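Protein chains in written order, with my numbering: chain C, 1 to 191; chain P, 192 to 396.
The structure is reproduced here in structure tokens:
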């Protein structure tokens, strides 16, 4: 989103106007969703986290002072939410819901209802997506988060270093090793 | 392999700073940038239809706090009012409950021990236990015929025991005496007499 437009949108949302929040959701929702999905490996968790994230945004946006970049501020909140969710899931495993979407993006009830023309393409996309999730799962959690925040949050290495309270050189070394491992796991240098 | 310092310079370069790089750093830079580009498409996620709509509905419900906040504030104001008058209500309730307990105790005491009511603002403090009526005692202590039915027999024995207990009242407990003293105070207040302490209370006739 263009800087001037972003500022106007943030100001609108800070004033409590629903259209401001709606515009922020349109602009950042897909990226946040992608980050949540790759971080948790579940569409259900991703949607739930996105909803929770936007609710937090409603409460916290007034504290955003516009001096820094918006994306790192936004994805810092998202990263903390993912960390909390992962901690909680370790202590209390979740169940399966028929209304929840599975990893291919469709609901279980929809899949049980029968095939559709788009099912094959969806299945292939789902397989590739699952392969990426499996590869990400092989990385250590910190490296995985750094790579995801770099891609979805478009964060600089300096911002990631600040978020993880980690030396700048260490961040890039981790990301470098992680990217190399991902390319190998995803089937060579073509990724 | 780059060391920490070389990676730091490379990170600055990738972040857009003007940093001179060695050939090894440049090769690493190309590798990192290439990997990020190559993996970008695979990392991207197609968001299922309907997600944005559901999230928007959830968010819009939460982004209209003005009315609910006003209601909340009004509710809190009302709550504060209740809290302000609360101590008075609680005190009045406690006083009423104490008065009811005292009156019930006095009435019960007089019924059980057949104590005459106070006359001319004089209330007796029951210290002596009245003797049971010998005729009643003889009647109630007669052995009751045991019915053939065991349940009825048990019930009859229970009734005998209760009747016996009523005719042999227990020695008044100190708390009962205190309640009686409080009752004197309440009676004095009610009748307009000066509120006296226990030492000023008239003794039994």
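Quick reminder that beta carbons are idealized off the backbone N, C-alpha and C, glycines included.
Here the structure is a predicted model, which is why all the values come from computation and not from measurement.
So, is residue i buried or exposed, given that buried needs 16 or more other C-beta atoms within 10 angstroms?
i                      : result
residue 101 of chain C : For residue 101 of chain C, the predicted structure reports a pLDDT of 45, less than 50, and the residue's modelled location is therefore unreliable. The matter cannot be settled from this model.
residue 105 of chain C : Any reading at residue 105 of chain C needs caution, since the residue's pLDDT is 47, under 50, leaving its predicted position unreliable; the model's value is listed next. Classification of residue 105 of chain C: buried, given that the 10 Å Cβ count is 16 or more.
residue 160 of chain C : buried
residue 239 of chain P : buried
residue 45 of chain C  : buried
residue 179 of chain C : buried
residue 203 of chain P : buried
residue 194 of chain P : exposed
residue 132 of chain C : buried
residue 210 of chain C : There is no way to answer for residue 210 of chain C, as the model of chain C reaches only from 1 to 191.
residue 395 of chain P : Interpretation of residue 395 of chain P is limited by its pLDDT of 40, a score under 50 that renders its predicted location unreliable; no figure is taken from the coordinates.
residue 91 of chain C  : exposed
residue 129 of chain C : buried
residue 136 of chain C : buried
residue 78 of chain C  : buried
Can you find a CB in chain C that lies within less than 9 Å of the CB of residue i?
i                      : result
residue 197 of chain P : yes
residue 291 of chain P : no
residue 231 of chain P : yes
residue 215 of chain P : no
residue 218 of chain P : no
residue 210 of chain P : no
residue 238 of chain P : yes
residue 221 of chain P : no
residue 246 of chain P : yes
residue 253 of chain P : yes
residue 367 of chain P : no
residue 242 of chain P : yes
Just to confirm the assignment, what range does the alpha helix (DSSP H) spanning residue i have?
i                      : result
residue 28 of chain C  : 18 to 40
residue 196 of chain P : 195 to 205
residue 192 of chain P : That residue, residue 192 of chain P, is in no alpha helix (DSSP H); it is neither H nor E in DSSP.
residue 172 of chain C : 168 to 185
residue 48 of chain C  : 43 to 60
What would DSSP say about residue i, mapped onto helix, strand or coil?
i                      : result
residue 284 of chain P : helix
residue 210 of chain P : coil
residue 364 of chain P : coil
residue 269 of chain P : With a pLDDT of 39 at residue 269 of chain P, under the threshold of 50, the modelled position of that residue is not reliable, and the figure given next carries that caveat. The answer is helix: DSSP assigns residue 269 of chain P an H, G or I state.
residue 90 of chain C  : helix
residue 140 of chain C : coil
residue 239 of chain P : coil
residue 129 of chain C : helix
residue 12 of chain C  : helix
residue 303 of chain P : helix
residue 1 of chain C   : coil
residue 217 of chain P : helix
residue 156 of chain C : coil
residue 193 of chain C : Only positions 1 to 191 of chain C appear in the structure, and residue 193 of chain C is not among them; the question remains open.
residue 165 of chain C : coil
Whole angstroms is fine: what's the gap from residue i's alpha carbon to residue j's?
i                      : j                      : result
residue 222 of chain P : residue 43 of chain C  : 31 Å
residue 226 of chain P : residue 175 of chain C : 10 Å
residue 246 of chain P : residue 125 of chain C : 24 Å
residue 219 of chain P : residue 251 of chain P : 46 Å
residue 372 of chain P : residue 342 of chain P : 44 Å
residue 65 of chain C  : residue 284 of chain P : 53 Å
residue 187 of chain C : residue 242 of chain P : 31 Å
residue 151 of chain C : residue 70 of chain C  : 15 Å
residue 97 of chain C  : residue 80 of chain C  : Below a pLDDT of 50, predicted positions are generally treated as unreliable, and residue 97 of chain C, at 38, falls in that range; no measurement from the model is reported.
residue 156 of chain C : residue 47 of chain C  : 26 Å
residue 73 of chain C  : residue 27 of chain C  : 15 Å
residue 8 of chain C   : residue 19 of chain C  : 11 Å
residue 286 of chain P : residue 295 of chain P : 14 Å
residue 127 of chain C : residue 224 of chain P : 26 Å
residue 149 of chain C : residue 87 of chain C  : 19 Å
residue 2 of chain C   : residue 34 of chain C  : 21 Å
residue 216 of chain P : residue 208 of chain P : 14 Å
residue 123 of chain C : residue 210 of chain P : 45 Å
residue 376 of chain P : residue 351 of chain P : 38 Å
residue 52 of chain C  : residue 13 of chain C  : 17 Å
residue 192 of chain P : residue 153 of chain C : 28 Å
residue 244 of chain P : residue 6 of chain C   : 21 Å
residue 303 of chain P : residue 297 of chain P : 10 Å
Using beta carbons (cut-off 9 Å, strictly below), is residue i in contact with chain D?
i                     : result
residue 64 of chain C : Among the protein chains of the structure shown, namely C and P, there is no chain D.
Just checking: is the beta-carbon of residue i within a distance shorter than 9 Å of some beta-carbon in chain P?
i                      : result
residue 22 of chain C  : yes
residue 162 of chain C : no
residue 82 of chain C  : no
residue 182 of chain C : yes
residue 141 of chain C : no
residue 70 of chain C  : no
residue 150 of chain C : yes
residue 9 of chain C   : no
residue 47 of chain C  : yes
residue 127 of chain C : no
residue 156 of chain C : yes
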